[in-house]
Amino acid sequence: MAAFLWAGCALSREYPAFVTDALGAGQDAASPPGPVTVWDWPVPEVYVVPVGSALVLLLGHLLLMRLLSSLPPLSGGARFLVLWTTTAAAGVPPAVLWEFGRARVGEAFPAEAAGGLFLLVAFWGLFWAWVPALAGMRWPHQSSAVPLPGPALLAGLCAALALVVAVSTVSVALGTEEALNRHTARAPAAKAPGTVPVPRPGATPPPEVAPGEHDPDPAWCAPGRGDILVGAPASATGHRLLALRFVNGSEDPCVLDGYPDVAFAGKDGAEIDVEVIRGSSFTDEDPGPATVTVPVGGRALATLNWDAAARSDGAARVLHAAPYAGAPRQASPVELDLADGGEVTVTAWRLDG
1 MAAFLWAGCA LSREYPAFVT DALGAGQDAA SPPGPVTVWD WPVPEVYVVP VGSALVLLLG
61 HLLLMRLLSS LPPLSGGARF LVLWTTTAAA GVPPAVLWEF GRARVGEAFP AEAAGGLFLL
121 VAFWGLFWAW VPALAGMRWP HQSSAVPLPG PALLAGLCAA LALVVAVSTV SVALGTEEAL
181 NRHTARAPAA KAPGTVPVPR PGATPPPEVA PGEHDPDPAW CAPGRGDILV GAPASATGHR
241 LLALRFVNGS EDPCVLDGYP DVAFAGKDGA EIDVEVIRGS SFTDEDPGPA TVTVPVGGRA
301 LATLNWDAAA RSDGAARVLH AAPYAGAPRQ ASPVELDLAD GGEVTVTAWR LDG
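Sequential numbering from 1 applies to the sequence shown in full-length UniProt numbering.
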């Protein structure tokens, strides 16, 4: 009963986010996907992780109860409290697996992962663990009939527990990574550039042309041949991700080869100091610079990733982007929690879909 209820507890805790995400899909194409939950995990991880974590609780609960069976018989409220506490304690290992497994993939801060762990354990202990404890009150305590586990049984329980934890941990990592990739792909191309803040007098905006030497070939995807559409920022555990899509609006295919160029400005229009790093991130494996031919009406995709931070007045409100360094930049209004001293990782262009 405890194992079944644990699976229900862990899944139901994330159900509101799943419903909100599902109801919002298709209503507002510019709205960002909701936070990554277990419901975003692919097959088989979406089944393996709940079942595996339930088995972790089952084995842990069994081990604890076998050890407690040697205690003197208890009755009434004392027996109920012992059963309730034991069931709640058995939920700690699968909760650690659940929360820290995802946090490790998402590179969340330890305090953030610990906060999620505390909430999950509290939710399990207060609202669910009392049910099997109450059911356990119906069975009499017979300490003489249930001996302490022998070395063989104890070793078997520990081995089974370690195996299930290992399989579940790998599944959590794989499922979370795939779910984050899906969120990146779903980050919508919100709109073409809109109104950007007018720089205040004396402010130094980013250069209109990306620094760098270039000798564009006629086949290149120059800014005049299409637009860069900026998606809505999506949230992951401790991180943010933003999709950039170059849409080929010309009458011929065009070529991209490399990384987009990006720069950021605050609400006053002044450039903010953000270090741009080219390469892989926690959500995307960087394909590396390669020749990408964008068909007529087709799209190329690149993603930006950065650590979540507290919003501030100096955060980015304008994104200046170009399809390659040395090309004219296109300004788009954004609301990001990137500020001076921040870092952002950008992947190379690849075909979208």
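Where a beta carbon is used, it is the ideal one built from N, C-alpha and C, also for glycine.
Pull up the DSSP beta-bridge partners for residue i, would you.
i	result
G226	N248
L351	A300
V209	P328
E343	E275
S235	R240
F264	L319
C254	V294
W220	V255
Give every residue of the same chain whose Cβ lies closer than 7 Å to the Cβ of residue i, excluding the five residues on either side of it in the sequence, and list them in chain order.
i	result
P132	M1, A2, L5, T87
R350	P287, V292, A300, L301
F109	Annotation note: pLDDT 46 at F109 (below 50); position unreliable, coordinate value reported separately. These residues qualify, in order along the chain: G238.
W84	A129, W130, A133
G136	L83
R278	Y259, V346
N121	The amino acid at residue 121 is misidentified as Asn; the sequence shows Val. Cβ within range, chain order: G91, V92, A95.
D352	R245, R299, A300, L301
I272	F264, A265, G266, G314, A316, A339, D340
P151	none
residue 356	The structure shown does not extend to residue 356, since the chain is modelled only from 1 through 353, so no value can be given for it.
E251	V296
E99	A113, G116, L117, L120
R138	none
Would you mind stating whether residue i and residue j have Cβ atoms separated by less than 7 Å?
i	j	result
V56	V164	yes
A322	A210	yes
G224	V274	no
A89	L117	no
I228	L242	no
D257	P205	no
P253	P218	no
G52	V167	yes
Write down the C-beta distance between residue i and residue j rounded to the nearest angstrom, noting that I regard them as a contact closer than 8 Å.
i	j	result
V255	L304	The pair is not a contact, with the Cβ atoms about 22 Å apart (cut-off 8 Å).
A270	P201	Not quite, the Cβ-Cβ distance comes to about 11 Å (not below 8 Å), so this is no contact.
C9	W124	5 Å
A265	R317	7 Å
V344	V276	6 Å
Report all residues from its chain with a CB closer than 6 Å to the CB of residue i; omit the five preceding and five following residues, and keep chain order.
i	result
A203	D268, G269, A270
A7	P50, A54
Q284	Sequence check: residue 284 is Asp here, not Gln. If we look at D284 and ignore the five residues flanking it on each side, its Cβ neighbours are T303, T347.
S281	N305, T345
R79	none
A155	none
P207	none
Leaving aside the five residues before and after residue i along the sequence, list all residues of the same chain whose C-beta is less than 8 Å from its C-beta, in chain order.
i	result
A308	S235, G238, H239, R240, D337
G249	R225, G226, D227, G297
A327	V209, A210, H214, P216, A222, P223, D261
Q330	P193, P223, D227, I228, H320, A321, A322
E127	The amino acid at residue 127 is misidentified as Glu; the sequence shows Phe. Here the set comprises C9.
L68	V82, T86
Beta-carbon of residue i versus every beta-carbon of chain B: anything under 7 Å?
i	result
P333	Any reference to chain B falls outside this structure, which holds one protein chain only.
request  = Let me know the alpha helix (DSSP H) ranges lying completely inside the region 287 to 336, each 4 residues or longer, listed in chain order.
outcome  = none
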